[in-house]
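In my numbering, the protein residues as written are 181 to 377.
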């Protein structure tokens, strides 16, 4: 499981050396950090406030330096409106590896996985560990898609996704060493254990 940090290139380099861990980068319109020279995913910043101009500038970068995934805009906790936004922004991301942000209620909708390279688990805290989210991610994995989970800041949350998620991120693990260390330990200690789901 890869850990993506929303940090400056300098900090990511420092952390890679300090922890001897292959950290990747999560770029967002909110922080706008430059590329760190490591694999990365591109978030949309919709959890706080969507800034379309900044997101589109990052998309321009992504056309040159291809990310693992690009999150299309979403509405937190609303799968139906998120799917509407996906349709509206789909053409702007032609040629890029699109990620649908999974939200509460996604089990009531058909996901066109053929348009995706990845799914990004967003939504409420309850949704993040729900059978609904797990089922959508299992389908994605069976179809060869990347699974990323956002807001993973604790060892407990890591344990929910061992064996299914390809990558995670969290604002807490990007800011606080003690949180990052616990998440690293959870990944390293549980990587060989079977999944709970």
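Glycine included, each C-beta is placed from N, C-alpha and C at the ideal position.
All values reported here derive from a predicted model rather than from experimental measurement.
DSSP-derived helix/strand/coil call for residue i
| i | result |
| --- | --- |
| residue 203 | coil |
| residue 301 | strand |
| residue 251 | strand |
| residue 195 | helix |
| residue 340 | helix |
| residue 307 | helix |
| residue 376 | Reliability fails at residue 376, whose pLDDT of 45 lies under 50, so the model's placement of it is uncertain and the value that follows must be treated cautiously. Here residue 376 sits in coil by DSSP. |
Extent of the continuous beta strand (DSSP E) run through residue i
| i | result |
| --- | --- |
| residue 221 | 220 to 222 |
| residue 280 | 278 to 282 |
| residue 181 | No beta strand (DSSP E) holds residue 181; DSSP gives it neither H nor E. |
| residue 347 | 347 to 349 |
Neighbourhood of residue i by C-beta distance below 6 angstroms, restricted to the same chain and skipping five residues each side
| i | result |
| --- | --- |
| residue 253 | 224, 226, 230, 265, 269 |
| residue 255 | 261, 262 |
| residue 142 | Residue 142 lies beyond the range of the chain shown here (181 to 377); nothing can be said about it. |
| residue 376 | With a pLDDT of 45 at residue 376, under the threshold of 50, the modelled position of this residue cannot be trusted, and the question is left open. |
Terminal residues of the alpha helix (DSSP H) in which residue i lies
| i | result |
| --- | --- |
| residue 360 | 357 to 370 |
| residue 332 | From DSSP, residue 332 is part of no alpha helix (DSSP H); its letter is neither H nor E. |
| residue 238 | 232 to 244 |
| residue 263 | 259 to 269 |
| residue 317 | 311 to 322 |
Whole-angstrom C-beta distance between residue j and residue i, which should lie under 8 angstroms
| i | j | result |
| --- | --- | --- |
| residue 258 | residue 232 | About 18 angstroms; that fails the 8 angstroms criterion. |
| residue 366 | residue 338 | 4 angstroms |
| residue 319 | residue 249 | With a Cβ gap of about 16 angstroms, residue 319 and residue 249 do not count as contacting. |
| residue 186 | residue 215 | At roughly 13 angstroms, the Cβ-Cβ gap does not stay under 8 angstroms, so residue 186 and residue 215 are not in contact. |
| residue 209 | residue 234 | 4 angstroms |
| residue 217 | residue 189 | 7 angstroms |
| residue 309 | residue 340 | 5 angstroms |
Close Cβ partners of residue i (< 8 angstroms) along its chain, the five nearest in sequence each way excluded
| i | result |
| --- | --- |
| residue 359 | 333, 334, 350, 352, 353 |
| residue 288 | 259, 260 |
| residue 213 | 186, 187, 188, 189, 205, 207 |
Own chain partners of residue i with C-beta closer than 7 angstroms, once the 5 adjacent residues on each side are dropped
| i | result |
| --- | --- |
| residue 286 | 259, 312, 316 |
| residue 357 | none |
| residue 291 | 280, 316 |
| residue 211 | 186 |
| residue 296 | 278, 279, 280, 325 |
* Just checking, does the stretch 260 to 268 make contact with the stretch 235 to 245 on the three C-beta pairs under 8 angstroms criterion? -> Result no; under three Cβ-Cβ pairs closer than 8 angstroms.
* To do: Flag this pair as touching only if the stretch 293 to 310 and the stretch 322 to 332 have three or more C-beta atom pairs under 8 angstroms; answer yes or no.
  => The stretch 293 to 310 is in contact with the stretch 322 to 332.
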